[in-house]
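Going letter by letter, the sequence shown gives residues -11 to -1, 1 to 301 in mature numbering (1 follows the signal peptide of the UniProt record, and there is no 0).
Beta carbons: idealized from backbone N, C-alpha and C, even for Gly.
Everything on this sheet refers to the single structure shown next.
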Amino acid sequence: LATALTSVAIAQDNLNGLTVGFSQIGSESGWRAAETSVTKQQAEERGIDLKFADAQQKQENQIKAIRGFIAQGVDAIMVAPVVATGWDDVLTEAKEAEIPVILLDRGVDAPEDLYLTSVASDQIKEGRVAGQWLVDAVGDADCKVVELQGTVGSTPAINRKQGFEEALAGHDNLTIARSQTGDFTRSKGKEVMEGFIKAENGGADICAVYAHNDDMAVGAIQAIKDAGLKPGTDIKVVSIDAVPDIFAAMVAGEANATVELTPNMAGPAFDALSAYLADGTAPEKFIITESKLYTPADNPQGEYDTRKGLGY
Ligand code: AHR
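Here you go:
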């Protein structure tokens, strides 16, 4: 154990004093805010000078920030890509400048040799886990589902939709009646859910809402309450992220299930970078984080307290 700890310490030491540029998407959700703060914390612990750029949801800002990092000659670049396409040119520029790029939490539709590694969850699995929970919860009853999708063109929106549909396939009692983007934000989640409720007999015809993230689910919960219905009972609520607010909703009986997405993508990313810089060790191309299901049976108050304690 002592040897293992020493070698980790030596490996981590080679990041001390390095400059890493981080192009973050923005601050659209509680999960995103947690990822930002964990990344800053992880950088500080390793003595990394983190250059942080908030893209305010715009790919053009991310591309500009990455070009700025290249011009500054940073030692590495991390990027959480807002959408999947349109990255080839800027990633090629980073490659030509011999700056390793690490993708965080979202994927890109670009050749794999343009980035060192991608640290993310299995987003199709997240959708499947959420869908399987609903299949089990509903049993043989008929169930009309409404879906709040994430940002159009982002890998979590594409993959979480696919995984959920896969889980529901063959269960003809469950149908996705309506599906629209809520852009991963609480306010749009609420607004879109209000429209779904209006279109579905004041919400009486809706059996469940599947939200691609917890923030949209929290917005939907508010819309359900405003319509005089009980979220969690009249309309089941299932989502993804496991942020404190969804556990608070579970404690209140207003949310039924969430799939955890760890905000600590930077820890594994820095470990991979450290090994790569030490001796050229190529990391796994895809470092996959866990996708654990939480329901009200899993001590939501304790989960809330733990996450709040970690500063999420
Ligand atoms: O890319 C991860 C997703 O982005 C999170 O699930 C969501 O909350 C965030 O906005």
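- Pairwise C-beta distances place the segment 115 to 124 in contact with the segment 155 to 167, as three or more of them are shorter than 8 Å.
- When C-alpha distances from Ile113 are compared across Leu105, Asp43, Ile147, Phe275, the shortest belongs to Ile147.
- Short note on Arg95: C-beta closer than 6 Å to some heavy atom of ligand 1.
- For Pro70, the secondary structure class from DSSP, reduced to helix, strand or coil, is coil.
- The shortest CA-to-CA distance from Tyr104 to any of Asp111, Ala83, Leu123 is the one to Ala83.
- Contact between the segment 6 to 16 and the segment 29 to 39 is present: 3 or more CB-CB pairs across the two stretches fall below 8 Å.
- Contact between Ser12 and Ala54 holds, since their C-beta atoms are separated by about 4 Å, short of 8 Å.
- Taking C-beta separations shorter than 6 Å and ignoring five residues to either side along the sequence, the partners of Lys225 in its chain run Ala197, Asn245, following chain order.
- Using a C-beta cut-off of 8 Å, the segment 57 to 65 makes no contact with the segment 22 to 36, since fewer than three inter-stretch Cβ pairs fall below that distance.
- For the set Glu183, Pro100, Leu92, the Cα lying nearest the Cα of Glu136 is the one of Glu183.
- Secondary structure remark: continuous beta strand (DSSP E) runs of at least 3 residues inside the segment 155 to 236, in chain order: 163 to 170, 197 to 200, 225 to 230.
- Rounded to the nearest whole angstrom, the C-alpha separation of Leu163 and Asp125 is 11 Å.
- Fewer than three pairs of CB atoms, one per stretch, sit closer than 8 Å, so the segment 281 to 292 makes no contact with the segment 254 to 266.
- Look at the beta carbons and you see the segment 201 to 214 touching the segment 172 to 189: at least three pairs across the two are nearer than 8 Å.
- Val232 and Asp129 have their C-alpha atoms spaced approximately 31 Å apart.
- Here the C-alpha atom of Ala271 lies approximately 43 Å from the C-alpha atom of His160.
- DSSP, read as helix, strand or coil, puts Glu292 in helix.
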